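Down below is the structure, laid out as structure tokens.
Residue numbers (the UniProt record's numbering): 1 to 272.
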């Protein structure tokens, strides 16, 4: 459900209620996990869904720490390797972390090579040197997962985030005192390789190809119930997407605006 909401497939409170169906009356709980910036930042306009969710009487929200008050039976389980964005095909391919570390993704391989280089370099850096603390702080800030996520093209893609992560990691290495020239040059080379490869992917259409495949997989799972939904709810979802499209177009995110336009066209076909 987190992935369904994040992907913008459920755009109104009533659509969310409809998608949950009988689960609302089954006496079970549902865990959701999303970044706060999903609502209104990554997904302009989706904050309206958040407001409607909080206003829906049919959905009771509680903290994880509150669950023992409502569910007394406790069962120990051995969880599978997974993430909040896991899809069935990820399990089938035995790649639960493919949006962050995919062996078939050349950019991911370069990113992780640079990450390992930085982590090994800090171990060898001169910790007595006054510059060490600055380098360590730079490295700590550079070790964020967004750079890998936005290089997955599943369907999320951002050259800016890819470049930022590579720049921060390579910059941290360059600041490390007592590190060999060869190591610093290698960090520079990896930075360039990551950026050049990202632009090649865009130029050759690989990003669009991967994103389209992922979008189709998501929609295959979520659109199955749309023809049964009330027309007014689909129209409301369309209006939310139109607001989002207008916002991203003003921000000159034209590729995203085109995706939203296509999605709106699909929903209009569903609505008849």
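By construction, the Cβ of each residue, glycine as well, lies at the ideal position given by its N, Cα and C atoms.
Please read all numbers here as calculations on a predicted model, not as lab measurements.
Any contact of the segment 170-186 with the segment 108-127, i.e. 3+ C-beta pairs under 8 Å?
Segments in contact, yes.
Distance, Cα to Cα, residue 70 vs residue 18?
For residue 70 and residue 18, the distance between alpha carbons rounds to 24 Å.
Need the endpoints of the alpha helix (DSSP H) that residue 198 sits in, please.
Where residue 198 is concerned, the enclosing alpha helix (DSSP H) stretches over 181-204.
Please work out which residues of its chain come closer than 6 Å, Cβ to Cβ, to residue 97, disregarding the five sequence neighbours upstream and downstream, and give them in chain order.
Annotation for residue 97: no residue places its beta carbon closer than 6 Å to its own, counting only its chain and skipping 5 residues before and after.
If you run the structure through DSSP and keep just helix, strand and coil, what is residue 39?
It is a strand residue.
Could you round the C-beta distance between residue 234 and residue 264 to whole angstroms and report it? I think they count as a contact, below 8 Å.
That belief does not hold up - the Cβ atoms of residue 234 and residue 264 are roughly 10 Å apart, past 8 Å.
Just mark residue 13 as buried or exposed, buried being the case when its beta carbon has 16 or more other beta carbons within 10 Å.
Burial call: buried.
Put residue 30 into one of helix, strand or coil per three-state DSSP.
Reduced to three states, the DSSP call for residue 30 is coil.
Run through DSSP, which three-state label would residue 155 get?
If DSSP states are grouped into helix, strand and coil, residue 155 belongs with coil.
Which runs of the alpha helix (DSSP H) fall wholly inside the segment 86-140 and span at least 4 residues, in chain order?
Taken in chain order, the unbroken stretches of alpha helix (DSSP H) that lie wholly in the segment 86-140 and span 4 residues or more are 88-92 and 106-124.
Close Cβ partners of residue 38 (< 7 Å) along its chain, the five nearest in sequence each way excluded:
Cβ contact annotation for residue 38 (same chain, cutoff 7 Å, sequence separation greater than five): 6 and 46, in chain order.
Kindly confirm or deny that the segment 73-82 and the segment 131-151 touch, where touching means at least three C-beta pairs closer than 8 Å.
Cβ pair count under 8 Å is below three, so no.
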